[in-house]
Amino acid sequence: MKSSLLKALFVLSLFTFISCEEVSKPEPEPKPEATQKPYKAGVVLSFDDAYVDEWFDANQALKKYGWKASFCVCRIDSIGAPQIQKLLEMQKEGHEIAGHGYHHYNAVKYVATNGINEYVNQEIDPMLASMKRLSFNVSSFAYPYGQRSDSIDKALSSKFNVIRGRAFRCDTPETEGCYFRGGKYMYAFGIDDNHVHFSMSYLLELLDYTKKNNKILILCGHKPVKNVTENYQTKIETLEFICDYMKLNDLQFYTLSDLYTMMPVN
């Protein structure tokens, strides 16, 4: 009986480990012959979808920290003119406006049904064309729903300097995939209040690990709000906590596109 129980626990732990690796799948560390450019420990704050008014309001509230963020925009041709002007204003201030899909398709599911070429034709190329026409300098892309595959990454590699998915909690900060690892394929940890893996205590652990180990932590949220009323909302209080921590510990704000300039040189 005891032997059977031990075997069952071993199989379960192995499955859990494999599942976590498959979800996070962090970029391998740079090869030894590649020279990593020096950088200061810091944080990338990124936001997905098209909550432009809320992003703009958050920007007004957080300017006092000298912050900057990457705003990953979807459905660009459905956004109103006032919101386009807000995005352009934030881009001018040093924030990054990145891509998040023309229709916000789940890349893995769409490609499974329609193929990669159709995905690029319907989801990526129209987005890039419209954003260029509107004077957005897009060099980064965040997958809707965070789902990606090696084949889709490869298809998009020539179109973007940085490609971001989402990582999920394994057990400890050092096992997460949400740090800059020297490559263009990146993963972010979700800070929406409803995210199953999110808590303020774990966020503090991630920030402490980032500071102590000179890492760059990549975070993502959706709609900044004062009071959470539904899913995909990030408390302004959470963002202020992050900014306060960064100011107190001399961490640097980065955008996704900033990380491209720090990739290893062969």
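Take the sequence shown: its letter number 258 is residue 258 in UniProt numbering, and every next letter is one higher.
Quick reminder that beta carbons are idealized off the backbone N, C-alpha and C, glycines included.
Give a yes or no on whether the C-beta atoms belonging to Asp155 and Ile116 are separated by under 8 Å.
The question names Asp, yet the displayed sequence has Ala at residue 155. In this structure, Ile116 lies closer than 8 Å to Ala155 by Cβ.
Measuring straight from C-alpha to C-alpha, what distance separates Met262 and Tyr39?
7 Å
Using the Cβ count rule (16 or more neighbours within 10 Å means buried), how would you classify Asp250?
exposed
Express the C-alpha separation of Asn227 and Asp258 in angstroms, rounding to a whole number.
Straight-line spacing of the CA atoms in Asp258 and Asn227 works out to 31 Å.
Nearest-angstrom beta carbon gap, Gln122 and His103 [assumed within contact, 8 Å]
7 Å
So Pro173 and Tyr209 are supposed to be a Cβ contact under 8 Å. How far apart are they, rounded?
4 Å
Beta-bridge partners of Met186, as assigned by DSSP
Arg164
How should Glu89 be labelled, buried or exposed, when 16 other C-beta atoms within 10 angstroms of its C-beta is the threshold for buried?
exposed
For Ala129 and Ala112, what's the separation of their Cα atoms in angstroms?
25 Å
How do the region 228–242 and the region 146–162 stand: do at least 3 beta-carbon pairs fall below 8 Å, yes or no?
no
Under the assumption that Lys68 contacts His95 (Cβ atoms under 8 Å), give the Cβ distance between them as a whole number of angstroms.
At roughly 5 Å, the Cβ-Cβ gap stays under 8 Å, so Lys68 and His95 are in contact.
Residues that Tyr179 bridges to, as DSSP identifies them
Leu217
Which complete beta strand (DSSP E) runs does the region 232–257 hold, if anything under 3 residues is left out?
Runs found: 233–235 and 252–254.
Helix, strand or coil for Gly99, going by three-state DSSP, please let me know.
strand
What three-state label does DSSP hand residue 268 in the structure shown?
Any answer about residue 268 is impossible in this case: the structure gives the chain only from 1 up to 266.
Leaving aside the five residues before and after Tyr145 along the sequence, list all residues of the same chain whose C-beta is less than 6 Å from its C-beta, in chain order.
Asn106
Beta carbon of Val44, beta carbon of Leu219: below 8 Å?
yes
Leaving out five residues before and five after Val108 in sequence, what residues of the same chain have Cβ atoms less than 8 Å from its Cβ?
Gln147, Arg148, Ser149 and Ile152
Would you list the residues sitting across from Pro144 in a DSSP beta bridge?
Partner(s): none; Pro144 has no beta bridge.
Span separating the alpha-carbon of Asp125 from that of Ser158:
Straight through space, the alpha carbons of Ser158 and Asp125 are spaced by roughly 12 Å.
Between which two residues does the beta strand (DSSP E) harbouring Ser157 extend?
Note, Ser157: premise wrong, no beta strand (DSSP E); not H, not E.
Please name the residue in Gln36, Lys63, Ile76 and Gly182 whose C-alpha comes closest to that of Ala50.
Ile76
If we call anything under 8 Å between Cβ atoms a contact, is Ala41 one with Lys235?
no
Per DSSP, cross-strand counterpart(s) of Lys223
Gln233
Length of the line joining the Cα atoms of Ala98 and Ala58
17 Å
Which of the three DSSP states is assigned to Thr261 in this structure?
coil
Going by beta carbon distance, what residues of the same chain come within less than 6 Å of Leu248, once the five residues before and after it are set aside?
So no residue of the chain qualifies.
Could you tell me if Gln233 is buried or exposed, where buried requires 16 or more neighbouring beta carbons within 10 angstroms of its beta carbon?
buried
Are His197 and Asp48 closer than 8 Å when you measure CB to CB?
No, these two residues do not count as a Cβ contact at 8 Å.
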